[in-house]
Every structure is written in C-alpha cells, then in structure tokens.
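Take a look at the structure set out below.
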Amino acid sequence: MPDASTATSSQRLTHFSEKAEEEAGMKISIQKTKAQHIRKRAKVSDTTEEDVSNLPDDKKFKYECDKCGMTYPTKHGLAVHKGRHCKGRRRAKKPSRKGTVADRIVKRLKVERHQDTYEKVKIGSDELDNVFTFIYLGAEIPADGDGLIPVKHRCDVAWGRFGEYRKTLMSAQLPVVTRCRLQNSLVTSSTMIYGCEAWKLTVPVKKMLNSTNSKQISLITKRTIHQEAKTPTIDALKMVKKRRHQYLGHILRMDPNRLLYRFLVEVSPQQNEGALLSEIPHRTLDELLAAAADRDGWRQLLKNNEEANVGESRASLGTARSR
Ligand SMILES: [Zn+2]
Numbered sequence: 237m238p239d240a241s242t243a244t245s246s247q248r249l250t251h252f253s254e255k256a257e258e259e260a261g262m263k264i265s266i267q268k269t270k271a272q273h274i275r276k277r278a279k280v281s282d283t284t285e286e287d288v289s290n291l292p293d294d295k296k297f298k299y300e301c302d303k304c305g306m307t308y309p310t311k312h313g314l315a316v317h318k319g320r321h322c323k324g325r326r327r328a329k330k331p332s333r334k335g336t337v338a339d340r341i342v343k344r345l346k347v348e349r350h351q352d353t354y355e356k357v358k359i360g361s362d363e364l365d366n367v368f369t370f371i372y373l374g375a376e377i378p379a380d381g382d383g384l385i386p387v388k389h390r391c392d393v394a395w396g397r398f399g400e401y402r403k404t405l406m407s408a409q410l411p412v413v414t415r416c417r418l419q420n421s422l423v424t425s426s427t428m429i430y431g432c433e434a435w436k437l438t439v440p441v442k443k444m445l446n447s448t449n450s451k452q453i454s455l456i457t458k459r460t461i462h463q464e465a466k467t468p469t470i471d472a473l474k475m476v477k478k479r480r481h482q483y484l485g486h487i488l489r490m491d492p493n494r495l496l497y498r499f500l501v502e503v504s505p506q507q508n509e510g511a512l513l514s515e516i517p518h519r520t521l522d523e524l525l526a527a528a529a530d531r532d533g534w535r536q537l538l539k540n541n542e543e544a545n546v547g548e549s550r551a552s553l554g555t556a557r558s559r
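Numbering (this note's numbering), first residue to last: 237 to 559.
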C-alpha cells in the first residue's frame with residue numbers, strides 16, 4: 237500500500253489489521269510485512285577488513301586463507317586471493333576488497349542497516365522493519381527503482397536452479413541437445429527471465445543477462461563463454477525480447493480504459509531506454525495500435541526488428557561480470 241507518510245501509513249495499517257481480525261479472523265503478520273521508504277540508496281562507506289571481521293555470525297564468510305587469515309564468501313574468491321594477491325604474511329598490506337563479492341555483500345548489509353535510521357511504520361504498537369529491497373511475486377523491488385537489482389536477483393535464482401540440476405545438466409551421458417532443452421525449461425525460460433516483461437531493458441541489464449546465460453550454457457556445451465556470448469546456443473536475450481513484444485501487443489489490444497493500458501501510453505515514456513514501448517522505435521502510437529491489432533503482422537514486426545538489429549552488436553555486450 238503506498239502512502240505519503242509513516243503516520244498515515246501506520247493509521248491505515250492499524251485500522252486494516254483491526255478490521256481484518258474482527259471481520260475475517262485474519263491476522264496480519266508483523267514479520268512478513270515490511271515498510272519501504274521510496275528514496276535513493278544510502279551512500280555507504282568502503283568495505284574494510286574490520287567490516288568483514290565484524291559480520292554477524294550467521295553471515296561470516298566461510299573460506300579462510302590459512303596464510304593471512306582473510307575470509308571469503310566463495311571458494312573461488314579464496315582461490316583467486318591465494319593465486320594472485322596473498323602476500324603470505326599476516327601483517328602484510330591486505331589486498332583491496334573493492335568490487336569483490338565480499339564488498340557487495342558488506343555494502344548491501346550496510347544499506348539494509350541504514351534503513352533502521354528511517355521512521356518506522358507501526359501496526360498497533362508493533363514496528364515494521366524497513367527494507368531497501370523487497371521480494372514480491374519473485375521480483376526483487378528496490379526502493380530507488382534501480383533496474384539492475386531485479387535482474388541480478390533473477391540471475392542469482394537461476395544459478396541456484398542450475399546448481400540444483402548441475403549433475404544432470406552437465407552429465408556426459410546425455411547428449412548436449414537434450415541437456416540444452418532441459419536447461420531451457422528448468423532454468424532459462426522458467427527462472428532466469430521470469431517477469432522480464434517488467435524489466436527496464438537497458439544495456440547493463442542485457443549484459444548481465446547475456447553473461448549469466450553464456451556462463452551457464454558454456455558449462456553444458458563446453459564451448460567457451462565468449463562463443464556462447466556471441467552466438468548463443470540458447471538465446472536468453474532473444475527470448476526476453478519476444479516475450480516483451482508479445483506482452484506489448486497484449487496491452488495495446490486492451491480496452492483503452494484499462495489501467496495497464498493507460499499506464500503504458502500515458503505514463504511510461506516511449507523514448508526512455510529500456511522501456512517496453514522503446515523497443516519498436518520510430519513509430520507513433522497510432523501506428524503501433526494498428527500493428528498490434530493484426531496478430532500475425534505483430535509477430536512479423538518482431539522478426540523484421542530482429543533482422544534489422546542482427547547481432548545488435550552482441551560483441552559489444554561482451555561478458556560483463558555478473559556474479
Ligand atoms: Zn592470504
């Protein structure tokens with residue numbers, strides 16, 4: 237529920253909770269209900285070794301260097317540290333954490349902690365937690381509208397899924413074609429690009445998606461990550477575009493009084509990079525409406541668009557780091 241201030245929000249929620257209990261016997265869970273202040277992400281200090289050693293017990297990094305005592309959240313992180321950076325002596329200057337997975341974890345924690353300094357919304361006398369991001373229906377929604385966060389979240393979930401089925405997906409006993417089909421239905425189309433209709437499809441988002449996808453597929457096909465990024469065996473980005481195009485067609489065919497339709501044509505700016513409407517450039521709304529009315533023509537439009545952007549210089553998307 238959106239609200240202008242914590243006071244009115246508390247009032248509404250308290251009323252809501254009382255009535256829910258009185259009239260429907262429903263209790264609103266304090267733990268599961270969160271408050272999100274819509275504002276920019278708090279600026280936090282750089283990660284120091286002290287931050288890392290002061291992590292709460294359940295978040296401590298598990299992989300410790302036996303020479304210098306630095307800890308890492310992943311086995312890979314520790315391996316890189318040992319191979320490239322470790323000076324071996326306890327007192328030596330420790331390598332920087334900047335840009336590492338550890339850095340991101342610590343910064344995220346700081347951002348979440350900063351939320352405690354904001355005003356609290358209450359239900360009765362119980363305070364709700366403030367959160368910077370909130371996961372709703374499988375989409376992680378940040379308070380500042382950062383378009384990378386929901387995509388990063390889906391990529392993380394996709395890695396989890398990939399891990400679950402790793403044995404099968406990488407099994408040498410199954411042909412590559414079969415494993416690719418499995419990967420597509422288990423991970424790519426069902427998990428990774430879930431909810432992509434609502435993404436802001438900017439270049440960094442495309443990069444993140446292409447990079448996660450190519451890393452996973454390369455594990456299956458044994459082609460290099462770069463090959464999979466350039467000419468993917470399973471093209472996640474193409475699937476995203478198709479899904480968004482279909483969805484745009486659905487909305488354009490809706491009754492013009494529907495909220496979703498009105499949001500798209502009145503509020504969502506056509507020229508903004510990554511917006512749903514911006515994917516079919518250089519067309520007026522009337523032209524789009526006419527095109528969408530004819531389903532076959534609409535599908536053809538996607539194909540023409542694809543041919544026009546062949547490779548949309550996939551090379552330029554490259555394989556940015558995503559994990
Ligand atoms: Zn070390």
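Virtual Cβ for every residue (Gly too), placed ideally from N, Cα, C. Quantities reported herein were computed from a predicted structural model and do not represent experimental measurements.
Could you tell me the boundaries of the beta strand (DSSP E) in which residue i lies?
{"i": "ALA375", "result": "375 to 378"}
{"i": "PHE398", "result": "Careful: PHE398 lies outside any beta strand (DSSP E), inside the alpha helix (DSSP H) at 384 to 400."}
For residue i, list the residues DSSP reports as bridge partners.
{"i": "ALA271", "result": "ASN366"}
{"i": "LYS295", "result": "Answer is none; LYS295 lacks a bridge partner."}
{"i": "GLN300", "result": "Looking at the sequence itself, residue 300 is Glu, so the reference to Gln does not match. According to DSSP, GLU300 bridges with THR307."}
{"i": "TYR372", "result": "ALA375"}
What is the residue span of the alpha helix (DSSP H) that residue i lies within?
{"i": "PRO309", "result": "First-last for PRO309: undefined, no H or E at that position."}
{"i": "CYS416", "result": "412 to 419"}
{"i": "ALA544", "result": "531 to 544"}
{"i": "SER425", "result": "Segment: none, SER425 is in no alpha helix (DSSP H) and carries neither H nor E."}
{"i": "SER504", "result": "Taken as a continuous stretch (DSSP letters only), SER504 belongs to no alpha helix (DSSP H), as it is neither H nor E."}
{"i": "ARG340", "result": "337 to 350"}
{"i": "GLU286", "result": "285 to 289"}
My output table needs one value for residue i: the three-state DSSP class, helix, strand or coil.
{"i": "TYR430", "result": "coil"}
{"i": "ILE266", "result": "coil"}
{"i": "LYS279", "result": "coil"}
{"i": "LYS474", "result": "helix"}
{"i": "LYS318", "result": "helix"}
{"i": "ILE461", "result": "helix"}
{"i": "LYS451", "result": "helix"}
{"i": "LYS358", "result": "strand"}
{"i": "ALA328", "result": "coil"}
{"i": "ARG557", "result": "With a pLDDT of 48 at ARG557, under the threshold of 50, the modelled position of that residue is not reliable, and the figure given next carries that caveat. Reduced to three states, the DSSP call for ARG557 is coil."}
{"i": "THR520", "result": "coil"}
{"i": "GLY381", "result": "coil"}
{"i": "PRO492", "result": "coil"}
{"i": "PRO468", "result": "coil"}
{"i": "GLY510", "result": "coil"}
{"i": "THR244", "result": "helix"}
{"i": "GLY261", "result": "coil"}
{"i": "ALA526", "result": "helix"}
{"i": "PRO440", "result": "helix"}
How close, in whole Å, do the beta carbons of residue i and residue j come, if the pair is a contact with beta carbons under 8 Å?
{"i": "PRO468", "j": "SER447", "result": "So it is not a contact: roughly 11 Å between Cβ atoms."}
{"i": "SER253", "j": "GLY360", "result": "7 Å"}
{"i": "TYR430", "j": "GLY374", "result": "6 Å"}
{"i": "GLU355", "j": "THR283", "result": "The pair is not a contact, with the Cβ atoms about 28 Å apart (cut-off 8 Å)."}
{"i": "THR427", "j": "ALA394", "result": "5 Å"}
{"i": "GLU509", "j": "HIS481", "result": "Between HIS481 and GLU509 the Cβ distance is about 17 Å, and since that is not below 8 Å, they are no contact."}
{"i": "GLY383", "j": "LYS436", "result": "4 Å"}
{"i": "ALA338", "j": "PRO309", "result": "6 Å"}
{"i": "ASP362", "j": "ILE266", "result": "5 Å"}
{"i": "CYS301", "j": "HIS312", "result": "About 13 Å; that fails the 8 Å criterion."}
Legend entry - Residues with C-beta closer than 6 Å to any heavy atom of ligand 1, in chain order: Those satisfying the condition are, in chain order, CYS301, LYS303, CYS304, MET306, HIS317 and CYS322.
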